[in-house]
Amino acid sequence: MEEKKGYLEADFKLFHICDRQKKEYNFHYHEFKKIIVFLSGEVTYIIEGKAYHLKPWDILLVDAFNIHKPVIDAGITYDRLIIYVNSDFLQRESSRDCNLNACFVKALEKSYNLIRTDEKIQEKMKRVIELLIEERESAAGNDAYGKDILKKSLFLEFLVYLNRIFVVDNYDTGNYSYAFDSKITEILDYINENLDQELSVKSISEKFFLSKYYLMHKFKDETGYTLHNYVTVKRCKKAAAYIATGMPVMMAAKKGGFNDYTSFLRSYKKIYKKNPGEK
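At position 271 of the sequence shown the residue is numbered 405 (our numbering), and the sequence of numbers has no breaks.
Put into C-alpha coordinates, the structure is as follows:
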(Lines of atoms letter the chains of each structure in order from A and count residues from 1; the text may use other names and numbers.)
(Lines give C-alpha, C1' and ligand atoms only; values in the text may rest on other atoms or scores of the structure.)
Protein backbone atom coordinates (compact mmCIF):
# COMPACT_ATOMS: atom_id res chain seq x y z
CA MET A 1 0.00 0.00 0.00
CA GLU A 2 1.19 3.59 -0.66
CA GLU A 3 3.20 5.27 2.05
CA LYS A 4 1.64 7.67 4.51
CA LYS A 5 4.06 10.49 5.29
CA GLY A 6 4.26 13.27 7.82
CA TYR A 7 2.43 13.99 11.04
CA LEU A 8 0.67 17.18 12.07
CA GLU A 9 -0.26 17.96 15.65
CA ALA A 10 -0.36 21.77 15.25
CA ASP A 11 -2.93 23.84 13.34
CA PHE A 12 -0.44 24.32 10.51
CA LYS A 13 3.26 23.91 9.91
CA LEU A 14 5.54 25.67 7.42
CA PHE A 15 8.70 24.36 5.81
CA HIS A 16 10.97 26.33 3.49
CA ILE A 17 13.12 23.75 1.71
CA CYS A 18 15.83 24.52 -0.82
CA ASP A 19 18.00 21.62 -1.91
CA ARG A 20 19.66 19.84 -4.80
CA GLN A 21 19.88 16.11 -4.33
CA LYS A 22 19.46 12.90 -6.23
CA LYS A 23 16.30 11.65 -4.65
CA GLU A 24 13.41 9.75 -6.14
CA TYR A 25 10.18 10.34 -4.25
CA ASN A 26 7.61 7.59 -3.85
CA PHE A 27 3.88 8.10 -4.17
CA HIS A 28 2.49 8.96 -0.75
CA TYR A 29 -0.40 10.66 1.01
CA HIS A 30 -1.12 12.58 4.22
CA GLU A 31 -4.03 12.66 6.65
CA PHE A 32 -3.89 16.47 6.51
CA LYS A 33 -3.99 19.02 3.69
CA LYS A 34 -0.85 20.35 2.05
CA ILE A 35 -0.09 23.54 0.12
CA ILE A 36 3.03 23.73 -2.03
CA VAL A 37 4.38 27.07 -3.27
CA PHE A 38 6.93 26.34 -6.00
CA LEU A 39 9.74 28.90 -6.05
CA SER A 40 12.32 27.48 -8.47
CA GLY A 41 13.64 24.29 -10.02
CA GLU A 42 12.60 21.81 -12.68
CA VAL A 43 9.71 19.82 -11.21
CA THR A 44 6.67 17.90 -12.39
CA TYR A 45 4.19 17.18 -9.61
CA ILE A 46 1.85 14.22 -9.98
CA ILE A 47 -1.42 14.37 -8.03
CA GLU A 48 -4.17 11.78 -8.48
CA GLY A 49 -2.96 10.80 -11.95
CA LYS A 50 -2.41 14.34 -13.29
CA ALA A 51 1.10 15.65 -13.93
CA TYR A 52 1.61 19.39 -13.42
CA HIS A 53 4.78 20.93 -14.87
CA LEU A 54 5.52 23.77 -12.47
CA LYS A 55 6.56 27.37 -13.03
CA PRO A 56 7.91 29.73 -10.33
CA TRP A 57 5.17 30.90 -7.94
CA ASP A 58 2.77 28.15 -8.93
CA ILE A 59 0.68 26.93 -5.99
CA LEU A 60 -0.53 23.35 -5.57
CA LEU A 61 -3.38 22.24 -3.32
CA VAL A 62 -3.03 18.66 -2.10
CA ASP A 63 -6.04 17.47 -0.12
CA ALA A 64 -5.91 14.83 2.60
CA PHE A 65 -5.41 11.38 1.07
CA ASN A 66 -4.58 12.75 -2.39
CA ILE A 67 -1.86 10.39 -3.56
CA HIS A 68 1.01 12.37 -5.03
CA LYS A 69 4.73 12.76 -5.63
CA PRO A 70 7.18 15.22 -7.22
CA VAL A 71 9.46 14.25 -10.09
CA ILE A 72 12.51 16.50 -9.89
CA ASP A 73 15.59 17.28 -11.97
CA ALA A 74 18.33 16.59 -9.44
CA GLY A 75 20.78 18.85 -11.28
CA ILE A 76 18.75 21.98 -10.53
CA THR A 77 18.07 23.46 -7.09
CA TYR A 78 14.50 22.76 -5.95
CA ASP A 79 13.16 25.62 -3.82
CA ARG A 80 9.67 25.46 -2.32
CA LEU A 81 7.49 26.43 0.59
CA ILE A 82 5.43 23.56 2.00
CA ILE A 83 2.55 24.13 4.40
CA TYR A 84 0.76 21.35 6.27
CA VAL A 85 -2.76 22.38 7.27
CA ASN A 86 -5.14 20.79 9.75
CA SER A 87 -8.74 20.60 8.48
CA ASP A 88 -10.07 21.54 11.93
CA PHE A 89 -8.05 24.76 11.79
CA LEU A 90 -9.64 25.77 8.48
CA GLN A 91 -13.09 25.08 9.85
CA ARG A 92 -12.43 26.92 13.10
CA GLU A 93 -11.00 30.03 11.43
CA SER A 94 -13.69 30.25 8.74
CA SER A 95 -16.61 32.65 9.02
CA ARG A 96 -20.12 32.54 7.59
CA ASP A 97 -18.97 34.53 4.55
CA CYS A 98 -15.49 33.05 4.22
CA ASN A 99 -14.99 29.29 4.07
CA LEU A 100 -11.22 28.82 4.08
CA ASN A 101 -11.64 25.24 2.88
CA ALA A 102 -13.46 26.39 -0.29
CA CYS A 103 -10.30 26.24 -2.42
CA PHE A 104 -9.75 22.57 -1.55
CA VAL A 105 -13.42 21.77 -2.22
CA LYS A 106 -13.27 23.46 -5.60
CA ALA A 107 -9.98 21.75 -6.48
CA LEU A 108 -11.68 18.42 -5.78
CA GLU A 109 -14.77 19.34 -7.81
CA LYS A 110 -12.68 20.47 -10.77
CA SER A 111 -10.12 17.68 -10.34
CA TYR A 112 -7.50 20.40 -10.80
CA ASN A 113 -4.90 21.19 -8.14
CA LEU A 114 -2.81 23.97 -9.69
CA ILE A 115 -3.10 27.73 -9.12
CA ARG A 116 -1.25 29.80 -11.72
CA THR A 117 -2.21 33.47 -11.79
CA ASP A 118 -1.40 36.56 -13.84
CA GLU A 119 1.43 38.86 -12.75
CA LYS A 120 -0.79 41.36 -10.92
CA ILE A 121 -2.34 38.74 -8.62
CA GLN A 122 0.98 36.91 -8.40
CA GLU A 123 2.68 40.01 -6.97
CA LYS A 124 0.07 40.23 -4.20
CA MET A 125 0.57 36.54 -3.35
CA LYS A 126 4.37 36.92 -3.50
CA ARG A 127 4.27 39.66 -0.87
CA VAL A 128 2.42 37.49 1.64
CA ILE A 129 4.45 34.36 0.83
CA GLU A 130 7.76 36.21 1.20
CA LEU A 131 6.62 37.63 4.54
CA LEU A 132 5.65 34.12 5.67
CA ILE A 133 9.08 32.77 4.72
CA GLU A 134 10.84 35.75 6.31
CA GLU A 135 8.89 35.42 9.56
CA ARG A 136 9.43 31.67 9.72
CA GLU A 137 13.19 31.97 9.21
CA SER A 138 13.77 35.04 11.39
CA ALA A 139 11.71 33.62 14.28
CA ALA A 140 13.10 30.08 14.03
CA GLY A 141 14.89 29.04 17.19
CA ASN A 142 14.12 32.22 19.11
CA ASP A 143 11.32 33.73 21.14
CA ALA A 144 10.55 36.70 18.90
CA TYR A 145 7.75 38.75 20.40
CA GLY A 146 4.35 37.67 19.05
CA LYS A 147 5.85 35.27 16.52
CA ASP A 148 2.97 32.76 16.70
CA ILE A 149 0.30 35.44 16.32
CA LEU A 150 2.11 37.09 13.40
CA LYS A 151 2.71 33.79 11.63
CA LYS A 152 -0.95 32.83 12.03
CA SER A 153 -2.21 36.21 10.80
CA LEU A 154 0.05 36.06 7.73
CA PHE A 155 -1.08 32.53 6.97
CA LEU A 156 -4.75 33.50 7.29
CA GLU A 157 -4.13 36.41 4.91
CA PHE A 158 -2.54 33.98 2.46
CA LEU A 159 -5.53 31.63 2.73
CA VAL A 160 -8.02 34.44 2.10
CA TYR A 161 -6.19 35.49 -1.08
CA LEU A 162 -5.95 31.86 -2.16
CA ASN A 163 -9.70 31.38 -1.79
CA ARG A 164 -10.48 34.67 -3.54
CA ILE A 165 -8.58 33.40 -6.57
CA PHE A 166 -10.51 30.12 -6.59
CA VAL A 167 -13.94 31.59 -5.92
CA VAL A 168 -13.81 33.81 -9.01
CA ASP A 169 -11.83 31.33 -11.16
CA ASN A 170 -9.06 33.90 -11.44
CA TYR A 171 -6.32 31.45 -12.40
CA ASP A 172 -4.96 29.71 -15.46
CA THR A 173 -6.36 26.26 -16.31
CA GLY A 174 -4.82 25.92 -19.75
CA ASN A 175 -4.24 22.35 -20.93
CA TYR A 176 -0.55 23.12 -21.49
CA SER A 177 -0.01 23.34 -17.71
CA TYR A 178 -0.65 19.66 -17.05
CA ALA A 179 -0.83 16.24 -18.67
CA PHE A 180 -2.98 13.22 -17.96
CA ASP A 181 -4.42 10.06 -19.43
CA SER A 182 -8.10 10.83 -20.02
CA LYS A 183 -9.22 7.24 -19.53
CA ILE A 184 -7.41 6.86 -16.20
CA THR A 185 -8.76 10.23 -15.03
CA GLU A 186 -12.26 9.07 -15.95
CA ILE A 187 -11.70 5.89 -13.94
CA LEU A 188 -10.38 7.83 -10.93
CA ASP A 189 -13.45 10.08 -10.98
CA TYR A 190 -15.72 7.04 -11.22
CA ILE A 191 -14.01 5.35 -8.26
CA ASN A 192 -14.28 8.41 -6.02
CA GLU A 193 -17.96 8.87 -6.87
CA ASN A 194 -18.85 5.19 -6.33
CA LEU A 195 -16.87 4.00 -3.32
CA ASP A 196 -19.91 2.11 -1.99
CA GLN A 197 -20.20 0.08 -5.21
CA GLU A 198 -18.21 -2.90 -6.45
CA LEU A 199 -14.84 -1.61 -7.63
CA SER A 200 -12.93 -4.73 -8.57
CA VAL A 201 -10.53 -4.87 -11.50
CA LYS A 202 -13.09 -7.07 -13.27
CA SER A 203 -16.05 -4.70 -12.79
CA ILE A 204 -14.09 -1.58 -13.79
CA SER A 205 -12.46 -3.22 -16.80
CA GLU A 206 -15.90 -4.27 -18.04
CA LYS A 207 -17.43 -0.84 -17.47
CA PHE A 208 -14.66 0.95 -19.36
CA PHE A 209 -14.21 -1.75 -22.02
CA LEU A 210 -10.61 -2.52 -21.12
CA SER A 211 -8.83 -5.80 -20.58
CA LYS A 212 -8.01 -6.55 -16.94
CA TYR A 213 -4.32 -6.85 -17.76
CA TYR A 214 -4.25 -3.49 -19.55
CA LEU A 215 -6.21 -1.76 -16.76
CA MET A 216 -3.94 -3.06 -13.98
CA HIS A 217 -0.74 -2.09 -15.75
CA LYS A 218 -1.96 1.22 -17.16
CA PHE A 219 -3.37 2.29 -13.77
CA LYS A 220 -0.07 1.45 -12.07
CA ASP A 221 1.98 3.19 -14.77
CA GLU A 222 -0.08 6.39 -14.67
CA THR A 223 -0.67 6.69 -10.94
CA GLY A 224 2.10 4.70 -9.27
CA TYR A 225 -0.20 2.47 -7.24
CA THR A 226 -2.51 -0.49 -7.75
CA LEU A 227 -6.22 -0.06 -8.28
CA HIS A 228 -6.97 -2.15 -5.19
CA ASN A 229 -4.74 -0.06 -2.92
CA TYR A 230 -6.16 3.18 -4.26
CA VAL A 231 -9.74 2.05 -3.59
CA THR A 232 -8.84 0.86 -0.08
CA VAL A 233 -7.26 4.18 0.93
CA LYS A 234 -10.21 6.18 -0.40
CA ARG A 235 -12.75 3.92 1.32
CA CYS A 236 -10.93 4.23 4.64
CA LYS A 237 -10.92 8.02 4.28
CA LYS A 238 -14.67 8.03 3.64
CA ALA A 239 -15.36 5.70 6.57
CA ALA A 240 -13.18 7.83 8.86
CA ALA A 241 -15.20 10.91 7.91
CA TYR A 242 -18.41 9.12 8.88
CA ILE A 243 -16.89 7.96 12.18
CA ALA A 244 -15.86 11.55 12.95
CA THR A 245 -19.55 12.54 12.82
CA GLY A 246 -20.38 9.98 15.52
CA MET A 247 -21.67 7.25 13.24
CA PRO A 248 -21.20 3.69 14.62
CA VAL A 249 -18.04 2.10 13.24
CA MET A 250 -19.72 -0.87 11.55
CA MET A 251 -22.20 1.40 9.78
CA ALA A 252 -19.40 3.77 8.73
CA ALA A 253 -17.42 0.87 7.30
CA LYS A 254 -20.45 -0.25 5.29
CA LYS A 255 -21.20 3.25 3.98
CA GLY A 256 -17.53 3.68 3.17
CA GLY A 257 -17.70 0.72 0.81
CA PHE A 258 -16.43 -2.18 2.93
CA ASN A 259 -18.56 -5.32 2.81
CA ASP A 260 -16.21 -7.21 5.11
CA TYR A 261 -15.73 -5.68 8.56
CA THR A 262 -12.53 -7.62 9.29
CA SER A 263 -10.99 -6.33 6.07
CA PHE A 264 -11.99 -2.79 7.05
CA LEU A 265 -10.38 -3.07 10.50
CA ARG A 266 -7.17 -4.44 9.04
CA SER A 267 -6.96 -1.70 6.38
CA TYR A 268 -7.93 1.08 8.78
CA LYS A 269 -5.29 0.10 11.35
CA LYS A 270 -2.66 -0.12 8.64
CA ILE A 271 -3.43 3.40 7.42
CA TYR A 272 -4.21 5.22 10.67
CA LYS A 273 -2.05 3.15 13.05
CA LYS A 274 -5.00 2.91 15.46
CA ASN A 275 -8.43 1.34 15.79
CA PRO A 276 -11.50 3.10 14.37
CA GLY A 277 -12.90 5.59 16.86
CA GLU A 278 -9.66 5.96 18.83
CA LYS A 279 -8.40 9.49 19.40
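Where a beta carbon is used, it is the ideal one built from N, C-alpha and C, also for glycine.
Predicted model, so just to flag it, every value in this text is computed and none were measured.
The DSSP-derived three-state label of R230 is coil. Counted as a single uninterrupted DSSP element, the alpha helix (DSSP H) harbouring H362 occupies residues L361 to A378. Looking at L224, A313 and D197, the one whose alpha-carbon comes closest to that of F238 is D197. With respect to L288, L265 sits close: the two C-beta atoms are nearer than 8 Å.
Taken in chain order, the unbroken stretches of beta strand (DSSP E) that lie wholly in the segment 155–218 and span 3 residues or more are 167–174, 177–181, 184–187, 193–196 and 202–206.
I206 and M384 have their C-alpha atoms some 42 Å from each other. In the structure shown, D394 falls within a coil segment according to DSSP collapsed to helix, strand and coil.
The shortest C-alpha to C-alpha distance from H202 to any of H162, R369, T319 and E356 is the one to H162. In this chain, the beta strand (DSSP E) harbouring Y312 covers Y312 to F314. K147 has Y218 as its beta-bridge partners, per DSSP. Under the 10 Å beta carbon count, F343 is surrounded by fewer than 16 other beta carbons and is classified as exposed. With three or more CB-CB distances shorter than 8 Å, the segment 167–176 counts as touching the segment 206–226.
One alpha carbon belongs to D231, the other to V301, and they sit about 12 Å apart.
DSSP places E340 in the uninterrupted alpha helix (DSSP H) bounded by V335 to K341. Beta-bridge pairing by DSSP links L248 to L194. Under the 8 Å Cβ criterion, the segment 396–403 counts as touching the segment 356–375, having at least three qualifying pairs. By the 16-neighbour rule on beta-carbons within 10 angstroms, A387 is buried. Spatial neighbours of L142 in its own chain (CB-CB distance under 7 Å, excluding positions within 5 residues in sequence) are listed in chain order as F166, Y218 and N220. Excluding five sequence positions before and after A241, the CB atoms of its chain that fall closer than 8 Å to its own CB belong to L195, D197, N247 and F300, given in chain order. Under DSSP, the beta-bridge partners assigned to D153 are Y212. Nearest Cα to D145 within the set K157, F223 and Q155: F223. When only Cα atoms are considered, Q331 and G391 end up about 7 Å apart. Ranked by Cα distance from R298, the options D277, M259 and D315 are led by M259. By the CB criterion at 8 Å, G183 and T319 fall inside the cutoff.
Taken through DSSP and simplified to helix, strand or coil, M384 comes out as helix.
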